[in-house]
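If you're matching them up, the sequences are chains A and B in order. Residues 1 to 114 in my numbering are what the first sequence lists, from first letter to last. Residues 1 to 112 in my numbering are what the second sequence lists, from first letter to last. Glycine residues also receive a C-beta, built at the ideal position from the N, C-alpha and C atoms. Remarks on the structure that follows.
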Amino acid sequence: DTEVTQTPKHLVMGMTNKKSLKCEQHMGHRAMYWYKQKAKKPPELMFVYSYEKLSINESVPSRFSPECPNSSLLNLHLHALQPEDSALYLCASSQVEGRSDKQYFGPGTRLTVT
Amino acid sequence: QKEVEQDPGPLSVPEGAIVSLNCTYSNSAFQYFMWYRQYSRKGPELLMYTYSSGNKEDGRFTAQVDKSSKYISLFIRDSQPSDSATYLCAMKRAGGGGKLIFGQGTELSVKP
Chain A
1 DTEVTQTPKH
11 LVMGMTNKKS
21 LKCEQHMGHR
31 AMYWYKQKAK
41 KPPELMFVYS
51 YEKLSINESV
61 PSRFSPECPN
71 SSLLNLHLHA
81 LQPEDSALYL
91 CASSQVEGRS
101 DKQYFGPGTR
111 LTVT
Chain B
1 QKEVEQDPGP
11 LSVPEGAIVS
21 LNCTYSNSAF
31 QYFMWYRQYS
41 RKGPELLMYT
51 YSSGNKEDGR
61 FTAQVDKSSK
71 YISLFIRDSQ
81 PSDSATYLCA
91 MKRAGGGGKL
101 IFGQGTELSV
111 KP
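In structure tokens:
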């Protein structure tokens, strides 16, 4: 089973709202990732968690706040977003760094900021 | 110059054709090479994963890596309309913290 689940599938939020995206995996993976993908562009890495610790932050604005409560869950807290933040937000997971750290993606959350 | 170059297409082929998708890269430190398939409005699905140079086959799909030329390919035999999707190459270096570097993606359409 290589399933990564994400909720919600779709989210519409105003610029003053606070919302959260959730990601879950039960493959025993110890690395989890957030990506942002705009239309007709490849995914762009935002954050990497390794053993529940933030290991990479790709200079993401502070209005995006990641959280890894345990090895199976990853959240992305959103606050005061801008319309240009509208995109598909993808979660991925992998075994930690090694030859077999294949990254498996979830279906994504399509976010619209109005 | 981007680290990974991929022709965005679109590429349109008739059903049953052999499809060749390619990426070139500039960073000789890349050691892991992947192909993802992404259907419209879905997450990327890992198709092929290759370490270093060589070929790997899985059903109708063959991945080739030529590190001396910094060139990777994905071949799809007997293409089907269900293969219509965007194909993304991705690569990473050892010790790269899991960071994948993606190509722009090639949009493929297989016509019945």
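Would residue i pass as an interface residue toward chain A - the criterion being a Cβ-Cβ separation below 9 Å?
| i | result |
| --- | --- |
| Phe-61/B | no |
| Ala-17/B | no |
| Lys-113/B | Since the first and last residues shown for chain B are 1 and 112, residue 113/B lies out of range. |
| Gln-104/B | yes |
How is the beta strand (DSSP E) around residue i delimited, first residue to last?
| i | result |
| --- | --- |
| Lys-22/A | 18-25 |
| Pro-110/B | Checking the sequence, you will find Val at residue 110/B rather than Pro. Counting along the chain, the beta strand (DSSP E) containing Val-110/B begins and ends at 106-111. |
| Ala-92/A | 87-94 |
| Arg-110/A | 109-113 |
| Lys-102/A | From DSSP, Lys-102/A is part of no beta strand (DSSP E); its letter is neither H nor E. |
| Ser-73/B | 71-76 |
For residue i, is the classification buried or exposed, using 16 other Cβ atoms within 10 angstroms of its Cβ as the cut-off for buried?
| i | result |
| --- | --- |
| Ser-79/B | buried |
| Ala-63/B | buried |
Any C-beta of chain B sitting closer than 9 Å to the C-beta of residue i?
| i | result |
| --- | --- |
| Pro-61/A | no |
| Leu-76/A | no |
| Val-113/A | no |
| Pro-42/A | yes |
| Gly-108/A | yes |
| Leu-90/A | yes |
| Ala-80/A | no |
| Lys-102/A | yes |
| Leu-45/A | yes |
Given the structure, does residue i come close to the ligand ZN, in the sense that its CB is under 8 Å from one of the ligand's heavy atoms?
| i | result |
| --- | --- |
| Ala-29/B | Ligands are entirely absent from the displayed structure, and the ligand ZN is therefore not among its contents. |
In the DSSP output, which residue or residues are listed as bridge partners for residue i?
| i | result |
| --- | --- |
| Leu-88/B | Tyr-36/B |
| Asn-27/B | Asn-27/B pairs with nothing; no bridge assigned. |
| Pro-14/B | Lys-111/B |
| His-10/A | Arg-110/A |
Would you list, in sequence order, the uninterrupted beta strand (DSSP E) runs of no fewer than 3 residues that lie entirely inside the region 33-81 of chain A?
44-50, 53-57, 64-70, 73-79
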